[in-house]
Amino acid sequence: MKFYDSSRLKHLAGLILLGCVLIPSFSSGLNTVSTGYQTTTAGKVINAHSVCKEVDQTGANSFFVPTKSAAEWTAFRNNKPSNISITDPECIPGNITKQSQLDGSLYLSTAIKISGNYAYVISATGNLMIFDISNPNSVEMVGKVKDLAMGNAWDIAVAGNYVYVAASNFGGIMAFDVSDKTNPTKVGQLTTNKMQAARGIAVSGSYAYVTAISSDSMAIINISNPANMTQTGSITTSSAIPLSNPQGIAISGNYAYIAAYDSGKLTVINVTNKAAPVLAASINAPAIFDLEIVGNNAYTASMGSGFSIFNIATPTNPTLRDHFNSTDLNGLDDLAVVGGYAYVASFNNQRFVTLNVSDVNNISQTNVILDTNYRGLRGVAVSGNNVYLVQYENSADGASSSLFKVDVTNKTSQVRSTAYRTPMLGVNENIEVVGNYAYITSNETDILYTVDITPMIPKLVSAVALSGNSGVTGNNDVEVSGNYAYVASINQDRLTIVNITNKTNPVVTGSVSNTNLDGAYSVAVSGNYAYVAAQNSGKLSVVSISNKSAPSVVRTLNIAGAREVVIDGNYAYVSSYNNDSFTIVNITNPTSASITGSISNTQLNGAKHIKVVGNYAYVVSNLGNALVTINISNKAAPSIVSNYTTPSLNRPNGIDVDGNYAFMTSENNVQLTILNISDPAAPTVWKTNSYPDISGMSGLKKVGDTIYVSANNLNGFLGVVNVNCSTGC
692 MKFYDSSRLK HLAGLILLGC VLIPSFSSGL NTVSTGYQTT TAGKVINAHS VCKEVDQTGA
752 NSFFVPTKSA AEWTAFRNNK PSNISITDPE CIPGNITKQS QLDGSLYLST AIKISGNYAY
812 VISATGNLMI FDISNPNSVE MVGKVKDLAM GNAWDIAVAG NYVYVAASNF GGIMAFDVSD
872 KTNPTKVGQL TTNKMQAARG IAVSGSYAYV TAISSDSMAI INISNPANMT QTGSITTSSA
932 IPLSNPQGIA ISGNYAYIAA YDSGKLTVIN VTNKAAPVLA ASINAPAIFD LEIVGNNAYT
992 ASMGSGFSIF NIATPTNPTL RDHFNSTDLN GLDDLAVVGG YAYVASFNNQ RFVTLNVSDV
1052 NNISQTNVIL DTNYRGLRGV AVSGNNVYLV QYENSADGAS SSLFKVDVTN KTSQVRSTAY
1112 RTPMLGVNEN IEVVGNYAYI TSNETDILYT VDITPMIPKL VSAVALSGNS GVTGNNDVEV
1172 SGNYAYVASI NQDRLTIVNI TNKTNPVVTG SVSNTNLDGA YSVAVSGNYA YVAAQNSGKL
1232 SVVSISNKSA PSVVRTLNIA GAREVVIDGN YAYVSSYNND SFTIVNITNP TSASITGSIS
1292 NTQLNGAKHI KVVGNYAYVV SNLGNALVTI NISNKAAPSI VSNYTTPSLN RPNGIDVDGN
1352 YAFMTSENNV QLTILNISDP AAPTVWKTNS YPDISGMSGL KKVGDTIYVS ANNLNGFLGV
1412 VNVNCSTGC
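According to the numbering used here, the sequence shown is numbered sequentially starting from 692.
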């Protein structure tokens, strides 16, 4: 006797529901069924309608408990009588919700601010990111929001539960509610002609002060109601007011201090009257780019002339205290001053410099870190003994952009580490998920990425260049078997083996390049052999991988345009994109593998990814915008039983199958489509969802209730989508 949970199993194919009956007693321990439709088993009350009996077409009986929730089913399963067997139910997809995504959000980072245990980072790609830095040794991205209107965002300010963004392309200010760190939400925005190409932003009280380089202005914004911000006043450059190309801004009391880059001035504006700010003073500060105020001093960073300290005890008469320059200070972009030390980032020369400013009249340099990964350093913020840096450009390996951490406990000998990385642009054809990690290849670089998928927002933990040169392109597919990842490189005609035992430091152990691997597109592994489909050579190659340092090709088969290969039991299944065909290969003896059957049909136009389940192969027809179902019970004569098209399948790409459902991505219309394939000959659409921010959807892998989607652009490297099995099931 078997019991099924009907809260997660609405129907069983081939079963006839006779109706729910009251079962008076069983020696098994199912002892009571009340008239109130409750079931008590092993002392556990299950709130159900009744116990139901089903009979299949052969007359065999099954019973199920129609519990109302997955929790009730778990309780029943955990407390069932020992002589009752249980079949865990199939998940029927319910509401589909996007959970998060890992993308290149740190690329083109422009500013960082820290408040409490959180760091807030803005990027010119329109991303606002929130990092939990409570444990400096394990920084996690906990929240993120992307808004295309934030393109070229340049600066941020944090005030209470709100983050304010100077959005250059938008020409104004945006307000985000960050009270829920996992879900930052835009609540307001304002654009005016005095905030065009907004650059710097500072908040004091109920006002935000925004510099703008197109209008050479500073605007004062009333933010007392973030959802309805208003401009109260502004001031613009003139022959008498040096505000040409204003950059950074800081507020102290009733004065705004502005880095007027083209004017070459530290300009002081009296903002007592919010409706009519006026010039208070200015002082020479060549190529000044940013500043910070501590007490009665203004500390300034210059793109071309080093670091200066100004006495602003009398705002109407600032004076220079000291100036310091060195070859290490070329192209200073941002700074932070804490506890008698100034930490400055060089945009131009890959340096992080620590200056002793405890004597404001005698600046000295205590340490410099030169790191080729420090390309385009743009933001600096301090928390305790750690300085956090963001970069505008990608790291030297070309694989990622980073949030760096520098332990500055020792001012003369500091330790640099990477606190967090996000991947760079790459065409990611396929994805592999094993345990707590996803493995993704980049077609635009020679990188294999390893991603920890346990956090709410997946975290990049390593990026290894398979040839030692990240500038090489062409990794297309990855398969994991045991402690090794096998990568097919389409442009390198190569299969590479990577030891992934240490997820943070994968090591290339061996590779094989061969003319038979010309255009290596896909790889599948079974036992001591890897099977590589190479579309240019038109070969399926069998590669012995028993020696991880010296893999070798031991067998090749001619399959024109071979594109995708998957293994199921003793057979390999190969699709041909350009030849509209599907081939079955017997691999019982890998060294003498042979073709057993094939089918060529225009319905297989652009045949791509394959998923084999039982007697059926589900093949993605990329150019035919279809899912093609092939009966493979006769290996010598596979036959098409269905060619299903629907508008949501617009250049379909990835596929996975779970039970009676096929999950598919479409690269053109950024849609995830779920098909009911309980009848392989007549699929139907179950659900569709669009995800514009995961454009270029490519590979797909379903693990439990979670779908992982790779995508081929900066905006959607890895999308995480939840399939809610407790709703609508």
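Here a beta-carbon is modelled for each residue, glycine too, at the ideal position from N, C-alpha and C.
Check your understanding: Which word fits V1310, buried or exposed, when buried means at least 16 other C-beta atoms lie within 10 angstroms of its C-beta?
Key -> Label assigned to V1310: buried.
Exercise for review: Rounded to whole angstroms, what's the CA-CA distance from R1342 to P1383? Just pull it up for me.
Suggested key: The straight-line gap separating the alpha-carbon atoms of R1342 and P1383 is approximately 15 Å.
Check your understanding: Taking Cβ positions, are T835 and I1148 nearer each other than 8 Å?
Key -> Residue identity differs from the one stated: residue 835 is Lys in this sequence, not Thr. In contact: K835 and I1148 (Cβ atoms closer than 8 Å).
Check your understanding: Considering only C-alpha positions, which residue in the set S1217, N1174, Q1226, I942 is nearest to R1185?
Key -> The candidate whose alpha carbon is nearest that of R1185 is Q1226.
Point to revise | Reduced DSSP category for A972 - H, G, I as helix; E, B as strand; rest coil | key: It is a strand residue.
**Study point:** For T1200, three-class secondary structure by DSSP
**Key:** It is a strand residue.
Exercise for review: Mind checking which residues open and close the beta strand (DSSP E) that includes L1382?
Suggested key: According to the sequence displayed, residue 1382 carries Tyr and not Leu. Where Y1382 is concerned, there is no enclosing beta strand (DSSP E), given that its DSSP letter is neither H nor E.
Review point. My guess is that W1377 and L1366 are in contact by the Cβ rule of under 8 Å, so how many angstroms apart are they, rounded?
Key: Sure, about 6 Å apart at Cβ, within 8 Å.
Point to revise | DSSP-derived helix/strand/coil call for T788 | key: In the structure shown, T788 adopts extended strand secondary structure according to DSSP, grouped into three states.
Check your understanding: Do you know how far the Cα of G1067 is from the Cα of N916?
Key -> Straight-line Cα distance between these residues: approximately 36 Å.
Check your understanding: Assuming Y1335 and I1321 make a contact with CB atoms under 8 Å, what is their CB distance in whole Å?
Key -> With a Cβ gap of about 12 Å, Y1335 and I1321 do not count as contacting.
Check your understanding: Whose CA, out of T1145, T1247, G1315, V1044, lies closest to the CA of T1282?
Key -> When the alpha-carbon of T1282 is set against those of T1145, T1247, G1315, V1044, the nearest one is in T1247.
Review point. Where does S1093 land, buried or exposed, given buried means 16+ other C-beta within 10 angstroms?
Key: S1093 is buried by the Cβ-count criterion.
Review point. Below 8 Å between beta carbons: does that hold for R890 and T876?
Key: Against a cut-off of 8 Å, the Cβ pair of T876 and R890 comes out as no contact.
Review point. In whole angstroms, what is the alpha-carbon distance linking Y1175 and S1324?
Key: The straight-line gap separating the alpha-carbon atoms of Y1175 and S1324 is approximately 32 Å.
Check your understanding: Run through DSSP, which three-state label would A918 get?
Key -> In this structure, A918 counts as helix in the three-state DSSP scheme.
Check your understanding: Among the residues of its own chain, which have a CB less than 6 Å from the CB of V1155, if the five just before and after it don't count?
Key -> For V1155, where only same-chain residues beyond five positions count, the Cβ hits under 6 Å are L1139, P1197.
Practice item. Report back the beta-carbon spacing between V959 and A976 to the nearest angstrom; my notes put them in contact at under 8 Å. Key: Incorrect: roughly 11 Å between the Cβ atoms, too far for contact.
**Study point:** Y1264 versus T1113 - alpha carbon distance
**Key:** In a straight line, the C-alpha of Y1264 is about 35 Å away from that of T1113.
Review point. Hey, would you say K837 sits closer than 8 Å to N818, going by beta carbons?
Key: Yes, the pair counts as a contact, with Cβ atoms nearer than the cut-off.
Practice item. Could you pull the start and end residues of the beta strand (DSSP E) that S662 belongs to? Key: The question about residue 662 has no answer, for the chain in this structure spans 692 to 1420.
Practice item. Buried or exposed for D1370, please, with buried defined as at least 16 other CB atoms from any protein chain shown within 10 angstroms of its CB. Key: By the neighbour-count rule (16 or more Cβ atoms within 10 Å), D1370 is not buried but exposed.
Review point. To which residues does DSSP link V952 through a beta bridge?
Key: Looking at the sequence itself, residue 952 is Tyr, so the reference to Val does not match. Beta-bridge pairing links Y952 to no other residue.
**Study point:** Straight-line Cα distance separating A1298 from S1272
**Key:** Roughly 7 Å separates the two Cα atoms.
Review point. When burial is assigned at 16 or more other CB atoms within 10 Å of the CB, is A1373 buried or exposed?
Key: Classification for A1373: exposed.
Practice item. Starting from the N-terminal side, write out each stretch of the alpha helix (DSSP H) that is 4 residues or longer and does not extend beyond the region 894 to 945. Key: Listed in chain order, there is nothing to give.
Exercise for review: Mind checking which residues open and close the beta strand (DSSP E) that includes I1368?
Suggested key: For I1368, there is no enclosing beta strand (DSSP E), since its DSSP letter is neither H nor E.
Review point. When the Cα of G1075 is compared with those of I824, G1395, S1401, N1413, which residue comes out closest?
Key: Closest option to G1075, Cα to Cα, is I824.
Exercise for review: Report the residue from I1054, M820, R1012, I1275 whose alpha carbon sits nearest the alpha carbon of I1003.
Suggested key: Comparing Cα-Cα distances from I1003 to each of I1054, M820, R1012, I1275, the minimum goes to R1012.
Check your understanding: Alpha carbon to alpha carbon, how far is A1033 from Y798?
Key -> Straight through space, the alpha carbons of Y798 and A1033 are spaced by roughly 25 Å.
**Study point:** D1143 in three-state terms, based on DSSP
**Key:** Annotated three-state conformation of D1143 is strand, per DSSP.
Check your understanding: Are N1360 and T788 close, meaning C-beta to C-beta below 8 Å?
Key -> No, the pair does not count as a contact, with Cβ atoms beyond the cut-off.
Review point. How should V969 be labelled, buried or exposed, when 16 other C-beta atoms within 10 angstroms of its C-beta is the threshold for buried?
Key: Of the residues assessed, V969 falls on the exposed side of the cut-off, its CB having fewer than 16 other CB atoms within 10 angstroms.
Point to revise | Selection from V1071, D981, I974, V1319 that minimises the alpha carbon distance to Y811 | key: Ranking V1071, D981, I974, V1319 by Cα distance to Y811 puts V1071 first.
Review point. Can you tell me where the beta strand (DSSP E) with D1137 in it begins and where it stops?
Key: That residue, D1137, is in no beta strand (DSSP E); it is neither H nor E in DSSP.
**Study point:** Exposure label - D1025; buried when at least 16 CB within 10 Å
**Key:** Buried, by the Cβ-count rule.
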